[in-house]
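Colleague:
Residue numbers (the UniProt record's numbering): 1 to 1141.
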């Protein structure tokens, strides 16, 4: 290579000279330094950078100039911004003859490569620059400054450079932080990497917005394998925090970098499964879906670039055995879409589908929560759906979801139709898959707002042809055993051809599909019609069907046809219920009568049919198919146990015959088609009080009750959000029907009207008890419903806004209906409805709960002559009224105290099992245990309420005096009745009360014993009456081996022990230990007879500590010295009656 002479070209010479001339008063050494600096940079001399650096080092090492003076001179030089920029800009090093550019270098770079001043130069450059701007555009030299520090040959003092960088990171503005962090991998040496990582991590914890630049920087560092793995674990914890969704791909990219262990991959995937990635209320849904796509793309890139990631992902998904997530499906699709483990992903997906681990609900969640991700993965999902069609019922779901997204756009409509045809071809031989496909496709067409109209037209045409060809037949071509029945159409009104006007369900496999196919056909017609009319298919509402001539013989084939007919009418009614044409509405009511008739026939034939009979299912998303549950009427005599069924899970026993009909259909959701909320539209029709069968203008109470039972049955399982929304929309219809029924009841107290009123109130209660209303998400929906109720009082109430006002007005409405409550069931329904309203306003509860308690108490004070006062239903209504009464009293303790003032005397006057309390006539002796239990419950809950209401110990002691006085009366009642139920309640609840006595009362007594000795002693003695009786019950049930009561004994005895020690501790603390005496209490049963074999009776107790036998049988007394002998004699008298215990 030719040797060339290099010269430094820069305009620095004149600048330095002018600067030196302007510095008057400087000493000679400074002038010499300036002169030297000028000579270094002058363009007339040929000085290569390496020579310049060597000369500078020589001068600095010669001690000719002090280092400080050189630094000061540089600082003085760059005071002018022009000089500072010149120092950062490149100087051309050119050939002396041609001046062609060979390379570039800056003065700042030359200074930084001089070891003697390297540590000071960064400080000069950085602190000379003013970083007070808001962005890089305002300070363009910032990047030039950082470039000077890149790839230095040597770093003289690593610690100083690290400290400078740390200080700069902590003090500079955020925009410069990002720029500086980008340059760190080029500035730092390997030895500095771990130290800077710790600094960057601290910054990351304080500002997550820097996560991208920081993790990219750290990924470029040369870190040890062990340290990197430890750091990756730290970063994993970021995913557990509420990290923004857009930052997750950055974390994934860092964690799945080149060097990653399988454990980190596993932990990351498991954490990602628990991260909420779907858009929440108030979020920007579009932005959220885009971030989901970025995250999935990042995962895909990592899987394609690293085999370990794919292998670990397969292992993670395979080991998940509960709570599958949408991300599991996404990961399998990613693996299937291009990795080497494609077959593994397909096999695992098929396995989880076949075993029922991946259910339909998981696919719904995937398509609803990851809409854009599904679009991104559409091609591999379609491939998988095509392969999974071989699994029939499970595989069609993926195809349905794919059709949903393809049919949403005109350009992909043809693909959706091709996939539809392919699915139909594959499921043709499998009626289960076919039914499932029809049902799911119906949901897609019904619920998808934007769907291509051409697609719906093609589907409608196909389904109509399929329905006519499969299920419509000629009347003449029928088997002798079947005849056309239940026709409503006139010949001139037939829409179908004359030869195809009778419905033929066919065999058990095809029959259930008819109602499903009609629902799909109806849905398509409604989407194609401008006003939702069904004119094209309205002949199906009144068409005949082939059925047995009579239903006398309980053959399985007959029951199958009846079930098909039931499901057909359920879908027909649901389909036409919104039609406003008077003729169609009249036919809907007639179809409702026919449905009620068929269901009653099925109920009669079912017990007579083969015990192994299983009707054809009509829903096929259940896996496995649940067994058919038969409802049997309970017939058992008093005192005898009902016979147990061999197969408990296939039969339910019910006493009330009226409930059998609705229960049969609610307990078998897989076998009977469900109504939707729109059936409530029929409630808007006025009641025909005479007959509904002969008139189409009115609805009968029988039909009203049927509709209400069907709606209530849906609430037994978790109702959907759409179902509740539809009911709130139809609430005016329900309220209108309630008004209609109430007006009839006020004219005629008829049983059917009372039944209708009860069902209407139960339905309203179920609506406003919906758990969704506990979330603020549904506040608007709740207020809309409350306005419909408040409107019943005054039309102007629709303008009310606050929940308190709406609840108050709604409560007034139901409070005004108390006059129709002529039976306890109606009274309980009314009170429960008011309670469901109250809970939607805490303010209203605080101000008016006592009014609600009085309402419930008032009903309990009635005799109900129309009721039998027996049976489980009557007991349930009494429980509901008792709960609404006691639980809503402002002071339950005061209420219990007032009741117990008169209750013991009334109990002693019970003559027989039908005797009732004079002050609470609803409570008879046979259900007295319900009141007794609620009194105990109110006493225990009322303790804290009453104690919180007072602010001094004397008042608290007075409250405890009332409590223990109540305990004495509860003991007295228990001794009077001596029934197993009452004794069990005492044994169960008394230990709870003692625990409160120990935890809350004893600290007060310990402090006040010396100040209020008589009051505290009196309380303890009254409590002792309860503890003695509790001990007697324990001894009695142990002796008699009463297994029903025995499970409560260990807790009771343990609580008694604690009370003994607590009393002793209190006396010792107050220097009154001499007043405490503990001895063995004579064990007696509840008949007052002594239990002689104490040891044997005690050893029958399981888990008893034999060393504590003496404490178990111990009783404590607190007496003055003068009373001690008298009480000792009382205790030792073996002939004492049980009442003295």
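The beta carbon of each residue, even a glycine, is placed where N, CA and C say it ideally should be.
1) Quick test of the definition: if touching needs 3 or more C-beta pairs under 8 Å, does the stretch 842-856 touch the stretch 884-893?
2) Who does residue 484 pair with in a DSSP beta bridge?
3) Is the separation between the beta-carbon of residue 268 and that of residue 245 shorter than 8 Å?
4) Identify whether residue 105 lies in helix, strand or coil by the three-state DSSP scheme.
5) Do you know whose CA, among 263, 754 and 295, lies nearest residue 275's CA?
6) Would you call the CB atoms of residue 502 and residue 544 closer than 8 Å?
7) I need the DSSP call for residue 843, collapsed to helix, strand or coil.
8) Between which two residues does the alpha helix (DSSP H) containing residue 1142 stretch?
9) Determine, using beta-carbon pairs with one atom in the stretch 245-254 and one in the stretch 212-225, whether at least three such pairs fall under 8 Å.
10) Within 7 Å: the Cβ of residue 543 and any heavy atom of the ligand PLP?
11) With respect to the alpha helix (DSSP H) encompassing residue 569, which residues constitute its N-terminal and C-terminal limits?
12) In the DSSP assignment, what are the bridge partners of residue 502?
13) With a floor of 4 residues, list each alpha helix (DSSP H) that falls wholly inside the stretch 321-377, ordered by position along the chain.
14) Answer with buried or exposed for residue 1146, where buried requires no fewer than 16 other C-beta atoms within 10 angstroms of its C-beta.
15) Who are the near neighbours of residue 532 in its chain, counting only those whose CB is closer than 6 Å to its CB and skipping five residues on each side?
16) Check whether the Cβ atoms of residue 943 and residue 1000 lie closer than 8 Å to each other.
17) Under 8 Å by Cβ, that's how I've got residue 513 and residue 622 pegged, so tell me the actual separation to the nearest angstrom.
18) Does DSSP put residue 1145 in a helix, in a strand, or in coil?
19) Assess contact between the stretch 837-851 and the stretch 895-905, defined as three or more Cβ pairs (one per stretch) separated by less than 8 Å. Is contact present?
20) Measure from the alpha carbon of residue 676 to the alpha carbon of each residue in 687, 664 and 721, then state which is nearest.
21) Kindly indicate which three-state DSSP category residue 952 falls into: helix, strand or coil?
22) Straight-line CA distance for residue 414 to residue 519?
23) Given a cut-off of 8 Å, decide if residue 435 and residue 516 are closer than it, judged by their beta-carbon atoms.
24) Give the list of continuous alpha helix (DSSP H) stretches no shorter than 4 residues that lie fully inside the stretch 745-822.
25) For the alpha helix (DSSP H) containing residue 418, list its first residue and its last residue.
26) Does the beta-carbon distance from residue 744 to residue 760 come in below 8 Å?
27) What are the uninterrupted segments assigned as beta strand (DSSP E) that are 3 or more residues long and contained completely in the stretch 505-537, given in chain order?
28) For residue 304 and residue 265, what's the separation of their Cα atoms in angstroms?
29) Going by DSSP, what residues sit across from residue 699 in a beta bridge?
30) When you compare only the Cα positions, how much space is there between residue 144 and residue 407?
31) Tell me whether residue 1044 is buried or exposed, calling it buried when 16 or more other Cβ atoms sit within 10 Å of its Cβ.
32) Assign residue 833 to buried or exposed, taking buried as 16 or more other Cβ atoms, counted over all protein chains shown, within 10 Å of its Cβ.
33) Mind checking whether residue 377 and residue 333 have CB atoms under 8 Å apart?
34) CB-CB under 7 Å to residue 1008, same chain, minus the five flanking residues each way: which ones, in chain order?
35) Could you tell me which residues DSSP pairs with residue 189 in its beta bridges?
36) Can you give me the Cβ contacts of residue 882 inside the same chain, cut-off strictly under 8 Å, excluding the 5 residues immediately before and after it?
Modeller: By the coordinates alone:
1) yes
2) As a first step, residue 484 is located in the chain shown; it is residue number 484 there, counting from the start. Answer by DSSP bridge pairing, in chain order: 546.
3) Here residue 268 corresponds to residue number 268 of the chain shown, with the count starting at 1. Here residue 245 corresponds to residue number 245 of the chain shown, with the count starting at 1. It is not a contact, given that the beta carbons lie outside the stated cut-off.
4) Your numbering for residue 105 matches position 105 in the chain shown. Strand.
5) For the purposes of this step, residue 275 is identified with residue 275 of the chain shown, where counting begins at 1. Closest by alpha carbon: 295.
6) Position 502 of the chain shown, counting from 1, holds the residue named residue 502. Position 544 of the chain shown, counting from 1, holds the residue named residue 544. Against a cut-off of 8 Å, the Cβ pair of residue 544 and residue 502 comes out as a contact.
7) As a first step, residue 843 is located in the chain shown; it is residue number 843 there, counting from the start. Here residue 843 sits in helix by DSSP.
8) This structure leaves residue 1142 out entirely; the chain is present only between 1 and 1141.
9) yes
10) The ligand PLP is absent from the structure shown, which contains no ligands of any kind.
11) Working through the chain shown from its first residue, we reach residue 569 at position 569. Unbroken alpha helix (DSSP H) run through residue 569: 556-576.
12) Position 502 of the chain shown, counted from the first residue, corresponds to residue 502. Note: residue 502 sits in a beta bridge opposite 473 and 544.
13) 326-336, 342-354, 360-369 and 371-376
14) Residue coverage of the chain in this structure runs from 1 to 1141, which leaves residue 1146 outside it and unanswerable.
15) The residue you call residue 532 lines up with position 532 of the chain shown. For residue 532, where only same-chain residues beyond five positions count, the Cβ hits under 6 Å are 526.
16) Position 943 of the chain shown holds residue 943. Position 1000 of the chain shown holds residue 1000. Yes, they are a contact pair.
17) On the chain shown, position 513 is the one that residue 513 refers to. On the chain shown, position 622 is the one that residue 622 refers to. Between residue 622 and residue 513 the Cβ distance is about 16 Å, and since that is not below 8 Å, they are no contact.
18) Residue 1145 is absent from the structure shown; the chain starts at 1 and stops at 1141.
19) no
20) Sequence index remark: in the chain shown, residue 676 carries index 676 (1-based). For the residues 687, 664 and 721, the minimum Cα distance to residue 676 belongs to 721.
21) Looking up residue 952 in the chain shown gives position 952. It is coil, neither helix nor strand.
22) Here residue 414 is taken as the residue at index 414 of the chain shown, counted from 1. Here residue 519 is taken as the residue at index 519 of the chain shown, counted from 1. One C-alpha to the other measures close to 24 Å.
23) Locating residue 516 in the chain shown gives position 516, counting from the first residue. Locating residue 435 in the chain shown gives position 435, counting from the first residue. The answer is yes: Cβ separation under 8 Å.
24) 751-768, 779-790 and 803-815
25) Start at 1 with the first residue of the chain shown, and residue 418 comes out as number 418. Element bounds for residue 418: 413-427.
26) The residue you call residue 744 lines up with position 744 of the chain shown. The residue you call residue 760 lines up with position 760 of the chain shown. Not a contact, by the Cβ cut-off of 8 Å.
27) none
28) As a position in the chain shown, residue 304 is number 304, starting the count at 1. As a position in the chain shown, residue 265 is number 265, starting the count at 1. In a straight line, the C-alpha of residue 304 is about 14 Å away from that of residue 265.
29) Against the chain shown, residue 699 aligns to sequence position 699. The partner list for residue 699 (beta bridge, DSSP) reads 687.
30) Taking the chain shown and counting its residues from 1, the one referred to as residue 144 is at position 144. Taking the chain shown and counting its residues from 1, the one referred to as residue 407 is at position 407. Using only the alpha carbons, I get a separation of about 55 Å.
31) Against the chain shown, residue 1044 aligns to sequence position 1044. Exposed.
32) The sequence position of residue 833 within the chain shown is 833, counting from 1. Buried, by the Cβ-count rule.
33) Translated into positions along the chain shown, residue 377 becomes position 377. Translated into positions along the chain shown, residue 333 becomes position 333. Yes. Within cutoff.
34) One-based indexing of the chain shown puts residue 1008 at position 1008. Taken in chain order, the residues that qualify are 953, 957 and 1016.
35) Along the chain shown, read from residue 1 onward, the residue named residue 189 stands at position 189. Its beta-bridge partners do not exist; DSSP assigns none.
36) Reading the chain shown from its first residue, position 882 is the one you call residue 882. These residues qualify, in order along the chain: 856, 860, 930, 931 and 934.
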